[in-house]
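Below is one structure, written out as structure tokens; the observations come after it.
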Amino acid sequence: AALCFQAFLQMCNLPVRVICRANAEYMSPSGKLPFIHVGNQVVSELGPIVQFVKAKGHSLSDGLDEVQKAEMKAYMELVNNMLLTAELYLQWCDDVTVEEITHPRYGSPYPWPLNRILSYQKQWEVRRKMKAIGWAGKTLEQVLEDVDQCCHALSQRLGTQPYFFNKHPTELDALVFGHLFTILTTQLITDELSEKVKNYSNLTAFCRRIEQQYFEGHEKDSSTIAARSSKRPLLR
Amino acid sequence: MAAPMELSCWGGGWGLPSLHPESLTVMAYARFSGAPLTVNSINNSWRTLKGDLPVLVSEDIVISQPAKILNFLRKQKYNADYDLSAKQGADTLAYIALLEEKLLPALLHTFWIEAENYCSVTKPWFASRFAFPLSLYLPGKMSREALNRILLTKGGPPLYSLTEVEAQIYRDAKECLNLLSKRLGTSQFFFGDTPTTLDAFVFGFLAPIYKVCFPRVHLQEHLKQLPNLCRFCDDILTRYFRLTVSGYSPAGQDTADANLQKLTQLVNKESNLIEKMDDNLRKSPQHPPRKLTMLKLAAGGEESSPMSRLSP
């Protein structure tokens, strides 16, 4: 998810430095990652950050009319609703993945037994949320099918255009890029999730294009990309 | 051609075939696509303990969520989205996600969590659908589930108190209504002249807000300021829900009358209790006369306002 923000800020041509900290969740004003620290202001979460950036005079969606803005918001909700929830499900509700990948990764900055306690707590929280929205009863296949449906919709909407709203990237492009790139590059037990996305060639081309345009120039600056790439090889 | 299909769902009132958004969505879709469904209003069934309505039963197949029911109907060749392009199909999914994320929390709040609405309208209505003791347990359970859902999905920090969460969800809902209104514009349905899945979902979510008479109605007032959405709901109701051969409308009217009777009985019981309290207080020597008159006025006020709320 942090990638969405980086992409968004790069698209606005704003220079950004990424720092990984273990207590980042506590530094954030809303408890949610990521957040940006600008001068003496701290802003977290995509909505407020977009508004903050807009207030400073940079906006990506000014060229859209009202109906297009409505569509953009609807698609952003779709991505949040389906892709984000599916990612959470896969990370925390699929037992195999939880044991082998999530628990070690989430607990890694802390000593034993804190690492186990914190990851169980987070797992319990996520499972409660899944139950409230009705995803607890879903099997992995159903979740993958939902992801497929979502990617199909995104692929249809993108068509052959370079960005979702034709020539210029918008917040939606940043959001979709962040999620899809994460799915494509994070190594999980099985590759089913990334296979689903790879089925849609225009989506993979979209990711590659944004990566090349907005991230490759900063590779030399690479402490960020290197830190991230321990588990995520860059798309080639 | 197809096996007979039966839909079990929550009943209706206030001119709507059902008060439950998901049931309404499925019913609307069935009307749009011409699927022959027999609709069964739930009355005293243990299945509702799982909260799984609406439920479609066809031969031996039992399907429970609206999205799955709609998929099943499409496979049976009752497809309202036949004329849509792929991009419009994608838009449908996106707008449904928008409805669920932004409008549904406020809808749940208006029905189940807002204290006045819950106590005076929702609870008596749902309780009247069941016999004792389910009537005591089930509305409370549904209310707790709604609160849980809202707090878990929307209530993370920095919104720590319920009032802040409420303010946020109503803001989101009003924004969502504005977006829908802009998207609908002046056309009759969301994708041209024939109704589709998206129209069914939007109708399912908007109609309860539009039609049910609650004491606390700021979302309804906001909706009434968007005339194209109101016209949209009214159109669907007149075109698809009044002109059926099965005489749906009289049945709807009957349930509305039955509800009215039950609500009247509950209100009468309440006012009897208040009168008894009044009598007790009059007999007790400790209360000064001033308080008695205030109580009488209050009792009078409470009696008249529920009665006026009952008029459809």
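The listed protein sequences derive, respectively, from chains A and B.
Residue 142 in the UniProt record's numbering sits at position 142 of the first sequence, with consecutive numbering throughout.
Residue 94 in the UniProt record's numbering sits at position 94 of the second sequence, with consecutive numbering throughout.
Where is the CB? At the ideal position from N, CA and C, for every residue including glycine.
For chain B, the residues of the region 125-145 of chain A that bring a beta carbon within less than 8 Å of one of its beta carbons are Arg128, Lys129, Ala132, Ile133 and Gly134, in chain order. Take A/Tyr89, set aside five residues on each side of it, and the residues of its chain with a beta-carbon closer than 7 Å to its own are Met130, Trp135 and Val143, in chain order. Residue-level contact check: A/Lys73 touches chain B, since one or more beta carbons of chain B fall below 8 Å from its beta carbon.
A Cβ-Cβ separation of about 7 Å places B/Gly15 in contact with B/Leu237 under the 8 Å criterion. Per the Cβ contact rule, the region 63-78 of chain A is in contact with the region 170-183 of chain A (3 or more Cβ pairs under 8 Å).
If you compare the alpha carbons of B/Leu162, B/Cys9 and B/Ile42 with that of B/Ile69, the shortest gap goes to B/Cys9. 8 Å or more divides the Cβ of B/Leu108 from the Cβ of B/Phe205. Between the alpha carbons of A/Ser108 and A/Asn115 lies a gap of roughly 7 Å. In terms of Cβ geometry, B/Tyr240 and B/Phe32 form a close pair [threshold 8 Å]. Beta-bridge analysis with DSSP links B/Glu6 to B/Thr38 and B/Val57. The residues Asn115, Leu118, Ser119 and Lys122, in chain order, have a CB closer than 8 Å to that of A/Tyr106 in the same chain once the five nearest residues on each side in sequence are set aside.
A residue is called buried when at least 16 other Cβ atoms come within 10 angstroms of its Cβ; A/Asn81 meets this threshold and is buried. Scanning the region 142-185 of chain B for uninterrupted beta strand (DSSP E) segments of 3 residues or longer gives nothing; none is fully contained. Bounds of the alpha helix (DSSP H) holding B/Ile236 are Pro227 to Phe241. Listed by position along chain B, the residues whose Cβ is nearer than 8 Å to that of A/Asn80 are Ala97 and Glu101. By the 16-neighbour rule on beta-carbons within 10 angstroms, B/Asn117 is buried. Here A/Cys151 has Lys196, Val197, Tyr200 and Leu203 as same chain residues with Cβ atoms under 7 Å from its own Cβ, once five neighbours each way along the sequence are excluded. For B/Gly192, the beta-bridge partners assigned by DSSP are B/Phe189. What A/Ala70 touches in chain B, judged by beta-carbon distance under 8 Å, is Leu179, Leu180, Lys182 and Arg183, going in chain order. Pairing B/Ser143 with B/Glu164, the inter-Cα distance amounts to about 19 Å. Cβ proximity to chain A below 8 Å picks out nothing from the region 6-19 of chain B.
Inter-segment contact for the region 87-101 of chain B and the region 187-204 of chain B is present: three or more beta-carbon pairs are separated by less than 8 Å. Between the C-alpha atoms of B/Asn280 and B/Leu273 there is a straight-line separation of about 11 Å.
Any Cβ of chain A closer than 8 Å to the Cβ of B/Gly192 would place that residue at the interface, and such an atom is absent. In the three-state reduction of the DSSP assignment, A/Gly178 falls in the helix class. DSSP places B/Leu107 in the helix class (H, G or I) of the three-state scheme. Using a Cβ-Cβ cut-off of 9 Å, B/Gly140 is close to nothing in chain A; its nearest Cβ partner there is about 17 Å away. By the neighbour-count criterion, in which a residue is buried when 16 or more other Cβ atoms sit within 10 angstroms of its Cβ, A/Arg157 is buried. The C-beta of B/Leu84 comes no closer than 8 Å to any C-beta of chain A. Here the alpha carbon of B/Asn71 sits roughly 26 Å from the alpha carbon of B/Glu145. Contact between B/Met5 and B/Ser64 is ruled out by a C-beta separation of about 14 Å, above the 8 Å threshold. Counted as a single uninterrupted DSSP element, the stretch harbouring B/Trp112 is not any alpha helix (DSSP H), since DSSP gives it neither H nor E. When secondary structure is reduced to three states using DSSP, B/Gly13 falls in the strand class. Listed in chain order, the positions of the region 172-188 of chain A with a beta carbon within less than 7 Å of a beta carbon of chain B would be empty, since no residue qualifies. Within the same chain, Leu184 come within 7 Å of B/Phe232 by CB-CB distance, once the 5 residues on both sides are set aside.
Interface criterion met: the Cβ of B/Gly89 is under 8 Å from a Cβ in chain A.
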